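If you count by mature numbering (1 follows the signal peptide of the UniProt record, and there is no 0), then the sequence shown holds residues -24 to -1, 1 to 614, one letter each, in order.
All C-beta atoms in this analysis are idealised placements derived from N, C-alpha and C, irrespective of residue type, glycine included.
Just so it is clear, the structure is predicted and the values come from calculations on it, not from any experiment.
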Amino acid sequence: MAISRTTIFRALALLAGGAACFGAATLVAQRMEAKTEETVRAHLSGQGFDWTEISADGLVATIHGTAPDEAARFRALTSAGEVISPANILDGMTVAAQTDFITPAYRLEFIRNGRDLTLHGLMPGDQDAEASLLALLGATIDNPNLSELITATGEDAPDGWSEALQTAIEALLEMENARVVVEPGKVGATGLVQTRLDASNLRRELAATAGDAVELALELKLPRPIVSPFTTRFRIDDQGARFEACVAESDAGLARIRVAAEAAGATDSSTCRVALGAPDPSWGEAVSTGLTALAEMGEGTITFSDLTVTLFVGENVEAEDADTIANDLEGELPTIYSLTLLTPDTGEDTSPARTLSFTATISPEGLTVLRGAVPDAQSLDAVESLASARFGTEDLDINVRPDESLPLGWSVKVLAGLNALSTLNNGALRVTADRISLNGMSYDEDAQASIAGSLSDALGPDVHYELDIAHEDRPEPVNDLPTPEECVAQVNEQIALNKITFDPGSIELNASGYETVGQIATVLRKCPQVPMEISGHTDSQGREELNQQLSQARADAVLNALMARRVLVGNLSAKGYGENEPIADNDTEEGRETNRRIEFRLTPTEEEVATEGDEPLESDGEAGSETENQPEAEDGQN
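Laid out in C-alpha cells, this is it:
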C-alpha cells in the first residue's frame, strides 16, 4: 500500500519540531552551565581563590586547581557553597606538596596544687625524653599525684627549650600552688608565695637560672593575711593626715576607706590592704565614717580595733565640738561598735606620776638601754625577764627602779611597749602617765600596722599611743660567697666525713648516702652559680659498658637527690665515666674500693677539655662497695 503524501508531510513536520525542541533545550542547558561557571568563578576570584578553574555539567559545578594547602582547598569548597547548592559542587582540586617543614608549636603547661600535678602539651624529643621529664618531676616533687597528657614529636629540641624547661621545673619546686607555661625560650609562671621576701628571692633565683636564654614572666601573689586584732588607725596633726595601720574586709571596703582617707587629707593609702579576720562585714563602712568624723574634728587620732573604736581628741579641739562630733559618730556607726572618747589633759599637774617616765632604746649598733621606773619589785623582775628574752643579755643595759607612786596600769604599758620595741631594728620607747610613744625603723613594711594591732589588743581603748615607724629596704648581704674552689673544697670535706654510698647492686642511695647528700645540699645553696660536674666512677671489674651505665645512673641519682632537697641544679651536670678514670690500683681490694666513687669537680673549661693527659682531680668521695655476686659485674665488684 502506498504511503500518502499527507502522511509523509506529517512525519517531516514532526521530525522538524523535535529537532527544534532539542536545539532549544541544548541552548538553554549551555547557557545555564555558562552562567554557573561564571557565577562560581567570579565569586571564588573575589574571595582570593585565583588558582581555581570551574567546569559545569548541567547544574553541577566541578572545582579544579592546585590548592596551596588543605585548609585553602576546604575554604574554596565552602566559599563556592555560598552561591550554589553544596550538593551541586564536585571537588576536583589537588593539594600542593609541602616542601617546607613547619616547626611544631612546642608548649607545655604545668598546674600544681600541693602534691597534685597536671601537665599537658607538645614537647620535642622521643618517648625517653618524656619519661625522663616525668621521672624528674617525681624526684623534684615528693611523690606527686601526676596526671599528664603529653605528646613527644621525636624531633630535636629547638633553641631555648632546655633552659626554659629547667627554669619551669625550678619554679614548680618553689611554689606549691602554681601554673607554669613553657615555650622555647619563654616561661610564664603564676603562683602563690607566702611573703614579699619569698617573692623577691624567687624572682632573683629564677632570673639567675633563666639567664639571657629565657624570657621570664612572673606573677607572684601573696595570700591574704589573717589579722588579729583587726586594726585601723588614722591620725591628723600638724604633720598631716596619715594611716598608722590599715586593713579592710574586702576590695569594696578598701575602696571606701581610701576615698574617706583622701577626703580627710591623706596623700598615701598604699599601706592599706585587704585581710582576713574582720569582725563585721560593715567594717569598711564603719572606718570610712570614723575618718570623716576625725576630718571634721581637724586634729586627733581614731583607732578601730575589732569592734572597739577609740577617738582621741587633739589638743586644739574645743571640748564642745569634740562632744558633738563624738555623739554624731556614735549614732552613725553600726550598733555593734562601741565608741570611747579620750581628751588630752591640759591642766597643770606636777604630781610624781606626771613627771616620771619609762624609756627604752635600741641603737643601730644593737645596744639596748632601759631607764625609768616601775611600780614594784615584781614588775621589775617581769621587765628584766622580758628584756632578756627579747633583746638578749650581751648588749642589754638595765637601770630601772621601783616606785610605788606610779598609776595603775603602768606595768602593762611598759611590757606592751617593750614587746613592740623588740620588733624594730632600732628605735625608742617612752611611757608616761597619759600615753605611749614609739618610733624607730624596721625592714618590715607592715611593722607599724602590726604594732598598732598588738598595742590596741594589749592596752584596750583607754590608752593613747603614738607611733612613728619608718620602713627601710633590707640591705643587700655582704658578698661573702665562697669561690668556686672553696665550694668544691667544702663539698670534699662533707664527703670525707661521710662517703656517698649505695646499696649493693643498686642505683638508689641508701640512708647514709642521703644523709651525706643533705650536708652537700647545704654547701651548694651557697654556690648557685658555680658550674660543677657530678661524676660517677667504678672499678675495672665486670664489662666496661655496664660499668659506664652504672656510674651514669648513680651520678644521676645524686643529682636528683640534690634537686629533691630544693637545690638549684642549673649549674650542675652528671656524667658517668665507668672504669676509665681510676685513682688507685685496681689489682687490690683497697684500690678497687677507692675507685668506686662519686666525685664533685668544677666543670672544666674548653681549654681544659682540649688538653689531654691531665691528671684527674682529687676524689671528693666514694660510692661504697658491692657484693661479689652482683650480676652486672661478672668477675668482681663495681
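Please state the DSSP three-state secondary structure of residue i.
i: L578; result: strand
i: E58; result: coil
i: S398; result: coil
i: R501; result: coil
i: E509; result: strand
i: F280; result: strand
i: V263; result: helix
i: Q524; result: helix
i: R366; result: helix
i: Y313; result: coil
i: N121; result: strand
i: A531; result: helix
i: F50; result: helix
i: T326; result: For T326, the predicted model reports a pLDDT of 36, less than 50, meaning its position is unreliable and no value from the coordinates is stated.
i: G253; result: coil
i: N89; result: strand
i: R519; result: coil
i: K389; result: helix
i: T492; result: helix
i: G41; result: strand
i: N468; result: helix
i: D297; result: helix
i: E159; result: strand
i: A184; result: helix
i: M539; result: helix
i: K11; result: helix
i: W146; result: The residue asked about is misnamed: residue 146 is Glu in this sequence, not Trp. Helix at E146.
i: D357; result: helix
i: E220; result: strand
i: N153; result: strand
i: S246; result: coil
Identify every residue that forms a DSSP beta bridge with residue i.
i: D373; result: V345
i: residue 623; result: Because the chain in this structure spans residues -24 to 614, residue 623 falls outside the shown range and cannot be described.
i: F25; result: In the DSSP output, where bridge partners are listed per residue, F25 has none listed.
i: Y441; result: I412
i: P378; result: V350
i: H19; result: According to DSSP, which records beta bridges pairwise, H19 is partnered with nothing at all.
i: V71; result: A43
i: A336; result: L346 and L405
Taking Cβ to Cβ, would you say residue i is nearer than 7 Å to residue j?
i: P100; j: E131; result: yes
i: H19; j: V71; result: no
i: T399; j: S281; result: no
i: I87; j: E106; result: no
i: Y553; j: S527; result: yes
i: M417; j: A396; result: no
i: E306; j: L318; result: no
i: V545; j: I510; result: no
i: P332; j: A358; result: In the sequence under discussion, the amino acid at residue 332 is Leu, which differs from the Pro named in the question. Going by C-beta atoms, L332 is not nearer than 7 Å to A358.
i: A336; j: L405; result: yes
Should residue i be labelled buried (16 or more other beta-carbon atoms within 10 Å of its own) or exposed?
i: P205; result: buried
i: L391; result: buried
i: D590; result: Interpretation of D590 is limited by its pLDDT of 46, a score under 50 that renders its predicted location unreliable; the figure taken from the coordinates is listed afterwards. It counts as exposed.
i: Q364; result: Inspection of the sequence shows that residue 364 is occupied by Ser rather than by Gln. Classification for S364: exposed.
i: T498; result: exposed
i: M8; result: exposed
i: D139; result: It is worth fixing the name first, because residue 139 is Glu in this sequence and not Asp. Its Cβ being crowded by 16 or more others within 10 Å, E139 is buried.
i: T311; result: exposed
i: N119; result: exposed
i: L35; result: exposed
i: I202; result: exposed
i: D563; result: exposed
i: E324; result: Below a pLDDT of 50, predicted positions are generally treated as unreliable, and E324, at 39, falls in that range; no measurement from the model is reported.
i: R49; result: buried
i: G24; result: exposed
i: T459; result: exposed
i: N523; result: buried
Which whole-angstrom value is the C-beta distance of residue i and residue j, which I expect to be below 8 Å?
i: P437; j: T286; result: 4 Å
i: V376; j: L356; result: 6 Å
i: G260; j: G229; result: 2 Å
i: R218; j: L194; result: Actually they do not touch by this definition, with Cβ atoms about 32 Å apart.
i: T161; j: A189; result: In the sequence under discussion, the amino acid at residue 161 is Gly, which differs from the Thr named in the question. Their Cβ separation, rounded to whole angstroms, is 6 Å, which keeps G161 and A189 in contact under 8 Å.
i: L578; j: V464; result: 6 Å
i: I233; j: G276; result: 18 Å between Cβ atoms; not a contact.
i: L538; j: V493; result: 6 Å
i: A37; j: I65; result: 6 Å
i: residue 617; j: L149; result: An answer regarding residue 617 cannot be provided, because it is not within the stretch -24 to 614 covered by the chain.
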